[in-house]
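Engineer: Using UniProt numbering, the first residue of the sequence shown is number 1, and each one after it goes up by one.
Ideal placement from N, C-alpha and C gives every residue a C-beta, glycine not left out.
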Amino acid sequence: MEDRPYECEVCNKTFSQRCHLMRHLRTHTKEKPHACDICNKTFSERSNLIRHKGTHTKPKPYNCDFCKKSFSRFPLFTTHLLAHTNDKPFPCDICNKSFSQRRNLLGHLRMHMNEKPFACDICNKTFSQLSNLKTHLRTHTKEKPFQCDICNKTFSQQHGLIGHVRTHTNEKPFACDFCNKRFSHRPNLKTHLRTHTKEKPFVCEVCNKAFSNKSSLIRHLQTHTKEKLVIRKYV
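#1: Please state the DSSP three-state secondary structure of Thr169.
#2: If I follow the unbroken beta strand (DSSP E) through Phe74, where does it start and stop?
#3: Beta-carbon separation of Ser44 and Thr141 under 7 Å?
#4: Count the other C-beta atoms from every protein chain shown that fall within 10 angstroms of the C-beta of Ser47, then say buried if there are 16 or more, exposed otherwise.
#5: Please specify which runs of the beta strand (DSSP E), each continuous and at least 3 residues long, are wholly inside the stretch 140–226, giving them in chain order.
#6: Report the three-state DSSP secondary structure of Ser131 (helix, strand or coil).
#7: Our contact map puts Leu49 next to Cys36 with C-beta atoms below 8 Å; I'd like the distance itself, whole angstroms only.
#8: Can you pull the DSSP bridge partners for Ser100?
#9: Among Tyr6, Leu217 and Asn170, which residue has its Cα nearest to the Cα of Leu25?
#10: Between which two residues does the alpha helix (DSSP H) containing Ile50 stretch?
#11: With 16 other CB atoms within 10 Å as the buried threshold, where does Ser128 fall?
#12: Relative to the C-alpha of Phe90, which candidate in Leu76, Gly107, Gln147 and Pro75 has its C-alpha closest?
Below, the structure is given as structure tokens:
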């Protein structure tokens, strides 16, 4: 208690800093005191408001020729291009998995070392990457800072917005190397590839029957008893 002197009167959770307590209280009150003076959208945290306002004011001179997305800063633009070129110049020395950005490699290495230095002030859950912590915090605040410019639908994660925008543009940037069929989402491509490779990584713990996708395994599990079953994925 000495290290966490600030206590929530609603749930008795304690915090090391007053600002963390104030942020936590908004999970109870649903308060969003930070309003955009351009579109009146509100946010629970000032940092998210600042990021949102940049969508109104920042020029975006860097345009992607693949998907027409625009960027205000050149480093963001070059990082985005890697998603299209599939260039991954940063390999892991432990498992040889490669990454397009060095920071993603560093976060991955923490998984091998089981290092999770980023802790949630609300529920104490820990994460190996700061970005994962920020995403997790939105499960408490219910904040959805990423907004579609076409239909105004909002999302808690940027990749959710990117995938959604493709429903408007009908863009399908992910192509199958076997049959050239194209997909709007990378996970859909990965699932499709298994129709060619015949890979079945999802295995039933009860009868060892294998499936190419998780949803098929879940449906199969219903044929067994309703007791709690474990889904195992072999990598």
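Structural biologist: From the atom records:
#1: Three-state result, Thr169: helix.
#2: No beta strand (DSSP E) contains Phe74, which is instead part of the alpha helix (DSSP H) from Phe74 to Thr85.
#3: With respect to the 7 Å criterion, Ser44 and Thr141 are classified as neighbours on the basis of their beta carbons.
#4: It is exposed - the Cβ of Ser47 has fewer than 16 other Cβ atoms within 10 Å.
#5: If one requires a minimum length of 3 residues, the beta strand (DSSP E) runs lying completely within the stretch 140–226 are 202–204, in chain order.
#6: When DSSP states are grouped into helix, strand and coil, Ser131 belongs to the helix group.
#7: Rounded to whole angstroms, the Cβ separation of Leu49 and Cys36 is 6 Å, and the two are in contact under 8 Å.
#8: According to DSSP, Ser100 bridges with nothing at all.
#9: When each option's Cα is compared against that of Leu25, the closest is Tyr6.
#10: If you look at Ile50, you'll find it in the alpha helix (DSSP H) that goes Arg46 to Thr57.
#11: Under this definition Ser128 is a buried residue.
#12: It is Gly107 whose Cα lies nearest to the Cα of Phe90.
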